[in-house]
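Student: So that we are looking at the same thing, I have put the structure below in structure tokens.
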Amino acid sequence: MEGVDHLADERNKAEFNVDDMKIIWAGSRHAFDVSNRISRFVATDPVFEKSNRALMTRKELFKNTLKKSVYAWKIIKELRLSDEEGIKLRIFMDQPGFLDLHWGMFVPAIKGQGTEEQQQKWLSLANKMQIIGCYAQTELGHGSNVQGLETTATFDPKTDQFIMHSPTQTSSKWWPGGLGKVSTHAVVYARLITNGKDHGVHGFIVQLRSLDDHSPLPGITIGDIGMKFGNGAYNSMDNGFLMFNQFRIPRDQMLMRLSKVTREGKYIASDVPRQLVYGTMVSVRQTIVSKASDALARAVCIATRYSAVRRQFGSENGGIETQVIDYKTQQNRLFPLLASAYAFRFVGEWLKWLYTDVTQRLEASDFVTLPEAHACTAGLKSMTTSATSDGIEECRKLCGGHGYLWCSGLPELFAVYVPACTYEGDNVVLQLQVARFLMKTVSQLGSGKAPAGTTAYMGRAQHLLQCRSGVQKAEDWLNPSMVLEAFESRALRMAITCAKNLSKFENQEQGFSELLADLVEAAIAHCQLIVVSKFIAKIEGEIEGKGVKKQLKNLCYIYALHLLHKHLGDFLSTNSVTPEQASLASHQLRSLYSQVRPNAVALVDAFDYTDHYLGSVLGRYDGNVYPKLFEEALKDPLNDSVVPDGYHEYIRPLIKQNFPSAKL
Ligand SMILES: CCCCCCCCCCCCCCCCCCCC(=O)SCCNC(=O)CCNC(=O)[C@H](O)C(C)(C)COP(=O)(O)OP(=O)(O)OC[C@H]1O[C@@H](n2cnc3c(N)ncnc32)[C@H](O)[C@@H]1OP(=O)(O)O
Ligand SMILES: Cc1cc2nc3c(=O)[nH]c(=O)nc-3n(C[C@H](O)[C@H](O)[C@H](O)COP(=O)(O)OP(=O)(O)OC[C@H]3O[C@@H](n4cnc5c(N)ncnc54)[C@H](O)[C@@H]3O)c2cc1C
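Numbering (the working numbering), first residue to last: 474 to 1137.
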């Protein structure tokens, strides 16, 4: 029934103040106000309508994305929206497009790697969108191995120019978003060559297309790489290819904040770490972690509301059927994902702090925390995007058959989200960076250099290698120090085992290759410890609002104990817990599920998502699912006519058996 809240009973059961939880979720009252206002603005503007995009052709979808992006930019300018409001507008617009790469990578690359003069020149154009940029790093032959890129930028002292060239087919740039059809400029990563010497990969600002008629400049071959996974979904983005044929750019278009080439062609490296050329990736990995919580929260919101609406079995005595959310199996699959969405939110907040801190330090030439910032952004990007992709698919299954319908919102969310496991660094490759960092830290234990930050726990190695968990009863698993100790000893023992096994190899690199799978497991254990510890820090801090802290505590322990259950092999094989303690954890988990159950719908309401943003018939705020499923079905073009196109051509001849006989 229209106008009726079918989930009102669920909302009345909540034992906490949802409005207060909304503030916690958003991060602050101000952040909530901005999100709330902008999401409602987008939801009510017809230009941002998106329910029809699955039926669009690629060209229609691309053009629709251009229209929305330019309209969004117009609104940002005309209403003088702040940066924060502009970012929210792009998020709630919910259609990947060139704006993401222009603002998310092109502008930050120039800010991070350009000199003051370069920033002044290029950012003044980019900030007004008089040029549109993308981030062109990956090539057909190399993505993960950035040092293996083949594009060359050779300095020509005669003309004071760099000659950009793609020497092989595999050196074609391949994948950059916005490159295919829209960008006028790119930050291109290429091997710098001066006086015949290769100085490795550096960034260059390159104009690709004419600012008058948008045609590619002579010496540039450019286009879209073709359809990607899923109908609609990420196909709104023009990921592109690019080849250079001896294309010249002025010398001052090399990004020269980190190293320079003089007029004479002399290469001058500054004393900052060369890895700062990867700085844009670190910044984007950090934002991807908060985005993971957002994407997972969307899926969980849909699955939770629908699980409260959906009923199956249990009416044997003539009563009403059971809501599927009341099945313990449903809770055991759904509530850990709900808890993960909150966990990723809080670790995302912390990571933002860490990133801001390292940025300020770098500006003051303090590089000490750079390795940890790299390891944390890489590891948490990897861990949260893998968990979120799996989680979205699990939410689809939690919604049964209807979850497979496009209008559930889940197929599209999955298709758009899943490349996050690959872009901005393949998730396995990134965990191997964490593993290298851990092995280095372990090798320095006992050297007098105390591990700091997220590896500080390794400084208590003597204790953590010997301790036995003190858990004796199920409630002990609600003791933060007992939970932390179990995760710390598991992570440390896995890292130390890897280090010991590595030391058996004469050649460290060969040993590393042999042990890759174990190293990734150790890295994941370390990352999970970070997330658990940041969630615990959150619930131990000041939290306002009636009943809010209690709910967050429940979710925190669900997150931790569910991980313990899922990775029980690690915990048992490292003797971090005993089988009896593991079974007490399962007992405690069931009790926590019962406590979350009456609050589940309110906990997803706290995300404050509009129906427009969710884009899901199953996840509607009012729970009015069935009539709306019918409405959606009737909108399908196949239902435009009662007798389908093709009846006379195929169905009728088949039934009447009067089709011409087949010829071999
Ligand atoms: C319609 C429905 C809508 C639904 C919405 C759903 C939400 C969606 C949200 C998504 C929005 C986000 C939008 C994003 C759009 C996509 C953008 C994608 C862009 C890209 O993909 S750009 C290309 C990214 N490429 C990569 O990430 C490449 C990965 N490879 C690398 O980073 C490096 O090559 C690698 C693997 C780190 C190795 O580098 P290498 O130089 O070979 O390093 P070594 O291993 O030898 O290590 C040397 C030394 O350096 C240290 N190091 C390495 N990297 C860094 C770094 N970044 N910072 C600091 N230090 C670094 C390393 O640890 C070593 O240190 P040592 O001390 O051991 O020497
Ligand atoms: C949707 C999307 C958008 C993108 N946008 C951009 C963009 O805007 N700009 C840009 O420059 N790039 C972009 N990319 C490219 C992206 O960054 C790369 O695809 C990514 O870094 C992975 O690199 P790859 O494709 O070379 O994977 P590969 O490295 O070829 O990975 C293939 C397999 O090999 C494994 N593997 C590779 N190396 C190792 C190793 N050392 N040890 C163990 N296993 C290994 C991986 O785990 C994976 O299973 C985008 C990609 C996608 C999918």
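Ideal Cβ positions, reconstructed from N, Cα and C, are used throughout, including at glycine.
Report the residue from 586, 561, 550, 955 whose alpha carbon sits nearest the alpha carbon of residue 1058.
Tutor: Counting from one through the sequence shown, the residue named residue 1058 turns up at place 585. Checked all of 586, 561, 550, 955; the closest Cα to residue 1058 is 955.
Student: Taking 6 Å as the cut-off, is the beta-carbon of residue 857 closer than that to any non-hydrogen atom of ligand 1?
Tutor: Position 384 of the sequence shown, counted from the start, is the residue given in the question as residue 857. False, no ligand heavy atom lies under 6 Å from that Cβ.
Student: Taking C-beta to C-beta, are residue 1027 and residue 1062 nearer than 7 Å?
Tutor: Numbered from its first residue, the sequence shown carries residue 1027 at position 554. Numbered from its first residue, the sequence shown carries residue 1062 at position 589. Cβ atoms of residue 1027 and residue 1062: not closer than 7 Å.
Student: Is any heavy atom in ligand 4 found nearer than 6 Å to the beta carbon of residue 892?
Tutor: In the structure shown, ligand 4 is absent; the only ligands present are ligand 1 and ligand 2.
Student: What is the DSSP secondary structure of residue 434, reduced to helix, strand or coil?
Tutor: Past the edges of the chain, shown from 474 to 1137, lies residue 434, and the structure says nothing about it.
Student: From which residue to which residue does the alpha helix (DSSP H) around residue 852 run?
Tutor: By one-based count along the sequence shown, residue 852 stands at place 379. Residue 852 -> alpha helix (DSSP H) spans 843 to 871.
Student: Can you grab the Cα-Cα spacing for the pair residue 1098 / residue 1031, in whole Å?
Tutor: Taking the sequence shown and counting its residues from 1, the one referred to as residue 1098 is at position 625. Taking the sequence shown and counting its residues from 1, the one referred to as residue 1031 is at position 558. Taking the straight line joining both Cα atoms gives about 29 Å.
Student: Provide the residue(s) that pair with residue 679 in DSSP beta bridges, ordered along the chain.
Tutor: Residue numbering aside, residue 679 sits at position 206 when the sequence shown is read from its first letter. Answer is 659, bridged to residue 679.
Student: Over what stretch of residues does the alpha helix (DSSP H) that includes residue 1129 continue unbroken?
Tutor: To locate residue 1129, count along the sequence shown from 1; it is residue 656. Where residue 1129 is concerned, the enclosing alpha helix (DSSP H) stretches over 1125 to 1129.
Student: DSSP puts residue 498 in a beta bridge; with which residues?
Tutor: As a first step, residue 498 is located in the sequence shown; it is residue number 25 there, counting from the start. Answer is none; residue 498 lacks a bridge partner.
Student: From the DSSP secondary-structure annotation, give me the bridge partner or partners of residue 697.
Tutor: Stepping through the sequence shown from its first residue, residue 697 is reached at position 224. Bridge partners of residue 697: 713.
Student: Exposed or buried, which one is residue 936 when buried takes at least 16 other CB atoms within 10 Å?
Tutor: Taking the sequence shown and counting its residues from 1, the one referred to as residue 936 is at position 463. So residue 936 ends up on the exposed side.
Student: Within 10 angstroms of its Cβ, does residue 1124 collect 16 or more other Cβ (buried), or is it exposed?
Tutor: One-based indexing of the sequence shown puts residue 1124 at position 651. The residue is exposed, with fewer than 16 neighbouring Cβ atoms inside 10 Å.
Student: Would you grab the beta carbon distance between residue 681 and residue 659 for me? Rounded to a whole angstrom, and I think it's under 8 Å.
Tutor: Here residue 681 is taken as the residue at index 208 of the sequence shown, counted from 1. Here residue 659 is taken as the residue at index 186 of the sequence shown, counted from 1. With a Cβ gap of about 6 Å, residue 681 and residue 659 count as contacting.
Student: At 4 residues or longer, what runs of the alpha helix (DSSP H) sit wholly inside the region 759 to 807?
Tutor: Entirely contained in the region 759 to 807, not one alpha helix (DSSP H) run reaches 4 residues.
Student: With a threshold of 16 other CB atoms inside 10 Å of the CB of residue 648, please say whether the residue is buried or exposed.
Tutor: Translated into the one-based positions of the sequence shown, residue 648 becomes position 175. Label assigned to residue 648: buried.
Student: Assign residue 648 to one of three DSSP states: helix, strand, or coil.
Tutor: Position 175 of the sequence shown, counting from 1, holds the residue named residue 648. Note: residue 648 maps to coil in three-state DSSP.
Student: Contact defined as beta carbons within less than 8 Å: I believe residue 477 pairs with residue 778. What is the distance between those atoms, to the nearest angstrom?
Tutor: Walking along the sequence shown from the start, residue 477 turns up at place 4. Walking along the sequence shown from the start, residue 778 turns up at place 305. Wrong, their Cβ atoms sit about 15 Å apart, outside the cutoff.
Student: Do you know how far the Cα of residue 619 is from the Cα of residue 669?
Tutor: Working through the sequence shown from its first residue, we reach residue 669 at position 196. Working through the sequence shown from its first residue, we reach residue 619 at position 146. Cα to Cα, the separation comes out at about 21 Å.
Student: Taking residue 732 as part of the beta strand (DSSP E), name the residues at either end of that continuous run.
Tutor: Indexing the sequence shown from 1 puts residue 732 at position 259. Residues 732 to 734.
Student: Whole angstroms is fine: what's the gap from residue 538's alpha carbon to residue 916's?
Tutor: Within the sequence shown, numbered from 1, the residue matching residue 538 stands at position 65. Within the sequence shown, numbered from 1, the residue matching residue 916 stands at position 443. Their Cα atoms are separated by approximately 51 Å.
Student: With respect to the alpha helix (DSSP H) encompassing residue 625, which residues constitute its N-terminal and C-terminal limits?
Tutor: Mapped onto the sequence shown, residue 625 falls at position 152. Here residue 625 belongs to no alpha helix (DSSP H); instead the beta strand (DSSP E) covers 625 to 629.
Student: Identify which residue in 549, 961, 973, 971 has its Cα closest to the Cα of residue 999.
Tutor: Here residue 999 is taken as the residue at index 526 of the sequence shown, counted from 1. Nearest option by C-alpha distance: 961.
Student: In three-state terms, what does DSSP make of residue 822?
Tutor: Working through the sequence shown from its first residue, we reach residue 822 at position 349. Residue 822 falls in the helix class under three-state DSSP.
Student: Taking buried to mean at least 16 other C-beta atoms within 10 Å of its own C-beta, is residue 488 buried or exposed?
Tutor: By 1-based counting over the sequence shown, the position of residue 488 is 15. The residue in question, residue 488, is exposed, as its Cβ has fewer than 16 Cβ neighbours within 10 Å.
Student: Please report how far the alpha carbon of residue 865 lies from the alpha carbon of residue 1014, in whole angstroms.
Tutor: Your numbering for residue 865 matches position 392 in the sequence shown. Your numbering for residue 1014 matches position 541 in the sequence shown. Roughly 30 Å between the two C-alpha positions.
Student: Is any heavy atom in ligand 2 found nearer than 6 Å to the beta carbon of residue 569?
Tutor: Locating residue 569 in the sequence shown gives position 96, counting from the first residue. Checking the Cβ of residue 569 against ligand 2 gives no.
Student: Pick helix, strand or coil for residue 1140, following the three-state DSSP scheme.
Tutor: The structure shown does not extend to residue 1140, since the chain is modelled only from 474 to 1137, so the question has no answer here.
Student: For residue 611, verify whether its CB is less than 6 Å away from any heavy atom of ligand 1.
Tutor: Numbered from 1 along the sequence shown, position 138 holds the residue referred to as residue 611. Yes; taking the cut-off as 6 Å, the Cβ of residue 611 has a heavy atom of ligand 1 nearer than that.
Student: CB-CB under 8 Å to residue 1038, same chain, minus the five flanking residues each way: which ones, in chain order?
Tutor: The count along the sequence shown starts at 1 and reaches residue 1038 at position 565. Correct list, in chain order: 1055, 1058, 1059, 1062.
Student: Where DSSP assigns a beta bridge to residue 670, which residues make up the other side?
Tutor: Here residue 670 refers to the residue found at position 197 of the sequence shown. 667, per the DSSP bridge assignment.
Student: Say yes only if the C-beta of residue 672 is nearer than 6 Å to one or more non-hydrogen atoms of ligand 1, and no if none qualify.
Tutor: If you number the sequence shown from 1, residue 672 lands on position 199. Checking the Cβ of residue 672 against ligand 1 gives no.
Student: Do the region 983 to 990 and the region 1005 to 1025 touch if we need at least three Cβ pairs shorter than 8 Å?
Tutor: Contact fails: fewer than three Cβ-Cβ distances are below 8 Å.
Student: I'd like to know whether the C-beta atoms of residue 897 and residue 757 end up nearer to each other than 7 Å.
Tutor: As a first step, residue 897 must be located in the sequence shown, where it is residue number 424. As a first step, residue 757 must be located in the sequence shown, where it is residue number 284. In contact: residue 897 and residue 757 (Cβ atoms closer than 7 Å).
Student: Taking only heavy atoms of ligand 2 into account, decide whether any of them is closer than 6 Å to the Cβ of residue 617.
Tutor: As a first step, residue 617 is located in the sequence shown; it is residue number 144 there, counting from the start. It does: the Cβ of residue 617 is within 6 Å (strictly closer) of some heavy atom of ligand 2.
Student: Confirm the yes/no value for this check: CB of residue 723, any heavy atom of ligand 2, distance under 6 Å.
Tutor: What you label residue 723 is simply residue 250 of the sequence shown in a count that begins at 1. False, no ligand heavy atom lies under 6 Å from that Cβ.
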